[in-house]
Amino acid sequence: MKSFYRDCIWLIILMSLFVNKIYCNDLIKVDKDIDQNEICDSKIAVVFGITGQDGCYLTKLLLNKGYKIYGITRKATASNTQKLFEFIKDVDIELKENLILLNGDITDHSFVSETIRKYMPDEIYNLAAQSSVKTSFEEPLHTLMVDAVGTLNILVSMHSVDQEKKIRFYQASTCEVFGKTKKFPQDELTPFYPRSPYGVAKACAYWSTINYREAYNMYACNGILFNHESPFRGEEFVTRIITKSVSKIKKGEAKYLSLGNLNAKRDWGFAGDYVEAMWLMLQQDKPEDYVIATGEVHSVREFVELAFNEIGIDIIWRGHGVNEVGIDKKTGQKLIYVDPKYFRPTEVDFLIGDPSKAKNQLKWKPRVSFKELVKMMIKNDINLLK
Ligand code: NAP
Ligand code: F7E
Numbered sequence: 001m002k003s004f005y006r007d008c009i010w011l012i013i014l015m016s017l018f019v020n021k022i023y024c025n026d027l028i029k030v031d032k033d034i035d036q037n038e039i040c041d042s043k044i045a046v047v048f049g050i051t052g053q054d055g056c057y058l059t060k061l062l063l064n065k066g067y068k069i070y071g072i073t074r075k076a077t078a079s080n081t082q083k084l085f086e087f088i089k090d091v092d093i094e095l096k097e098n099l100i101l102l103n104g105d106i107t108d109h110s111f112v113s114e115t116i117r118k119y120m121p122d123e124i125y126n127l128a129a130q131s132s133v134k135t136s137f138e139e140p141l142h143t144l145m146v147d148a149v150g151t152l153n154i155l156v157s158m159h160s161v162d163q164e165k166k167i168r169f170y171q172a173s174t175c176e177v178f179g180k181t182k183k184f185p186q187d188e189l190t191p192f193y194p195r196s197p198y199g200v201a202k203a204c205a206y207w208s209t210i211n212y213r214e215a216y217n218m219y220a221c222n223g224i225l226f227n228h229e230s231p232f233r234g235e236e237f238v239t240r241i242i243t244k245s246v247s248k249i250k251k252g253e254a255k256y257l258s259l260g261n262l263n264a265k266r267d268w269g270f271a272g273d274y275v276e277a278m279w280l281m282l283q284q285d286k287p288e289d290y291v292i293a294t295g296e297v298h299s300v301r302e303f304v305e306l307a308f309n310e311i312g313i314d315i316i317w318r319g320h321g322v323n324e325v326g327i328d329k330k331t332g333q334k335l336i337y338v339d340p341k342y343f344r345p346t347e348v349d350f351l352i353g354d355p356s357k358a359k360n361q362l363k364w365k366p367r368v369s370f371k372e373l374v375k376m377m378i379k380n381d382i383n384l385l386k
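Using my numbering, the first residue of the sequence shown is number 1, and each one after it goes up by one.
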């Protein structure tokens, strides 16, 4: 009887050792996988605003560099993420597995700090924003909450979670902070004169980023980006409004296009070029702020003319102010009207950037010309109508 009990005890010990071995092996395997993937092979990035235009281009760039990405969107639904997944479809399947989407809002402090604490990224890119200047006049409080307080949420969280100050932070600042400045072209030292709730909120986020860098020695940078466009540009912005409408006119699905201020001038570049500058800013020895621009300026009117040229139409202009119309030189058909409902309470008339610092220090330069950009956007919008 005694030996029976002894055998049972031995059996239990052996069984528990066996189970423990399997369990431990599993754990070791998982741990090892995590080590290999996350620590040895790749850097980790958290990208707020991953479903937007810049989010798409930055995601592709980082995946191809082997990053593991935690991308934040308020709505990880098929309709909202379709653009992103379509864009990265040619990325190597193994690299694509490094993309994980999380549902969250940048104004939710506990979500932001928990995300940073949990994933401890090497880099954070804050692209999330209510980014329409026009909408910011209609929703100033919401714009301030998302664009300014949202940014502060990240900075406060980084400060409390990352004691060793390892995380590098990119803030999507904008030329809209220059607004009505009298200095041309604008560089990193140009004083701010924002002209919209959007510009004011982004100026707050810009200074918060610098304040946290100086107060707590954090690696935090502002990219002061001038307008950049692409086939993924939101449909509320003037370039996309033009390329979509011109494509519809070409296909016989629209007869004319209505716009606001035709004389506004912008320094328009290509989004694919600009996300490279974002990444470069976080690879430097020390954190600094950079203007990213082409150094070339064009009016809304010129954009319209080039877009119509792409479908073989020459535009001539007749009349003034709200009565001005754009006419097909050959047929006399009226194709462009001015509608004052698109005017802004305070307008930014002219912006042109000086990207010398980025060229010298980051060795960055824009590759796509204005003409190529218009062509690329028209081609895409025509294809979407097929
Ligand atoms: P975008 O297409 O409007 O994308 C911004 C993204 O932010 C949206 O897709 C949205 O994604 C997300 N977002 C909005 N509210 C949010 C919230 N409360 N919490 C979390 N996410 C939120 O903008 P973009 O053109 O890619 O520009 C990227 C950034 O650069 C923005 O901060 C913009 O202000 C700035 N910027 C843009 C330009 C330009 O010319 N494009 C120039 C200078 C600076 P979900 O709907 O999926 O949440
Ligand atoms: O306007 C004029 C309008 O809305 C450009 C955002 O990405 O870039 C963007 O802001 C200009 C303005 O861009 C229409 O009055 C004429 O002068 O395309 P937009 P934006 O306001 O420059 C900056 C850098 C950002 O940071 C912003 O996030 O075009 N314009 N007619 C029109 N604009 C619109 N939207 N619609 C029109 O019908």
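Where a beta carbon is used, it is the ideal one built from N, C-alpha and C, also for glycine.
A quick note: this is a predicted structure, and the numbers were derived from the prediction, not measured.
Cut-off 7 Å between Cβ atoms - residues of its own chain near residue i, not counting five sequence neighbours on either side
i, result
"Val200", "Pro194"
"Val275", "Asp54, Tyr57, Leu58, Leu61"
"Asn25", "With a pLDDT of 28 at Asn25, under the threshold of 50, the modelled position of that residue is not reliable, and the figure given next carries that caveat. Closer than 7 Å at Cβ, skipping near neighbours: no residue."
Span of the beta strand (DSSP E), counted from its first residue to its last, around residue i
i, result
"Cys221", "219–225"
"Ile401", "The displayed coordinates of the chain run from 1 to 386. Any statement about residue 401 would go beyond what the structure contains."
"Ala45", "44–48"
"Gly71", "68–73"
"Phe169", "168–174"
"Tyr290", "290–292"
Any C-beta of chain C under 9 Å from that of residue i
i, result
"Leu152", "Here chain C cannot be found, since the structure has a single protein chain."
CA-to-CA distance, residue j to residue i, given in whole angstroms
i, j, result
"Lys334", "Glu302", "17 Å"
"Ile69", "Arg117", "15 Å"
"Met281", "Pro287", "7 Å"
"Trp279", "Leu58", "8 Å"
"Ala277", "Gln163", "27 Å"
"Leu101", "Lys330", "51 Å"
"Val322", "Ile241", "19 Å"
"Glu97", "Gly52", "20 Å"
"Glu86", "Ser79", "11 Å"
"Lys202", "Gly332", "44 Å"
"Ser230", "Val297", "17 Å"
"Ile72", "Asp105", "8 Å"
"His228", "Met218", "28 Å"
"Phe370", "Thr243", "14 Å"
"Glu324", "Ala254", "19 Å"
"Glu398", "Ser42", "In the structure as shown, the chain starts at 1 and stops at 386, and residue 398 therefore has no counterpart that could be examined."
"Phe237", "Ser132", "8 Å"
"Pro345", "Asn211", "31 Å"
Residues near residue i by beta carbon distance below 6 Å, same chain, minus five either side
i, result
"Met15", "In this prediction, Met15 has a pLDDT of 45, which is less than 50 and means its spatial position is unreliable; what the coordinates show is noted afterwards. The answer is none, since no qualifying residue turns up."
"Phe226", "Cys175, Asp267, Ala293, Gly353"
"Ile382", "Ser247"
"Met145", "Thr107"
"Asp339", "Ser258"
"Ala76", "Leu101, Asn103"
Burial state of residue i (16 or more Cβ within 10 Å)
i, result
"Glu123", "buried"
"Ile93", "exposed"
"Glu305", "buried"
"Ala129", "buried"
"Ser136", "buried"
"Gln283", "exposed"
"Arg233", "buried"
"Arg367", "exposed"
"Asn360", "exposed"
"Asp273", "buried"
"Ser110", "exposed"
"Leu84", "buried"
"Ala215", "exposed"
Bounding residues of the alpha helix (DSSP H) (the contiguous stretch that carries residue i)
i, result
"Ile382", "370–384"
"Ile352", "No alpha helix (DSSP H) contains Ile352, which DSSP labels as neither H nor E."
"Lys83", "78–87"
"Ser110", "109–119"
"Gly55", "53–64"
"Asp273", "271–281"
Contacts around residue i, its chain only, beta-carbon distance under 8 Å, and the 5 residues preceding and following it disregarded
i, result
"Gly295", "Pro185, Asp267, Ile352, Gly353, Asp354, Pro355"
"Ser113", "Asn153, Val156, Ser157, Ser160, Val161"
"Leu127", "Val47, Phe48, Gly49, Ile50, Gly52, Asp54, Gly55, Leu58, Ala172"
"Ile88", "Cys56, Thr59, Lys60, Leu63, Lys96, Leu99"
"Glu347", "Arg195, Asn261, Ala264"
"Asp187", "Val291, Gly353, Asp354, Ser356, Lys357"
Reference residue i, options the options, closest by Cα
i, options, result
"Thr239", "Lys250, Phe308, Lys365, Met218", "Phe308"
"Trp317", "Glu347, Lys379, Leu262", "Leu262"
"Thr209", "Tyr198, Glu324, Ile224", "Ile224"
"Tyr256", "Thr115, Ile313, Lys43", "Ile313"
"Ile311", "Ser299, Val300, Lys375, Val325", "Lys375"
"Thr181", "Leu385, Glu372, Phe350", "Phe350"
"Phe343", "Thr77, Leu259, Asn211, Asp328", "Leu259"
"Glu235", "Thr77, Ala205, Met377", "Met377"
"Val300", "Gly326, Gly179, Arg168", "Gly326"
"Leu373", "Cys204, Pro121, Phe169, Ala271", "Ala271"
"Asp328", "Tyr170, Tyr337, Ile315, Asp289", "Ile315"
Distance cut-off 8 Å: residue i Cβ against heavy atoms of the ligand FAD
i, result
"Ala220", "This structure simply doesn't include the ligand FAD; it includes the ligand NAP and the ligand F7E instead."
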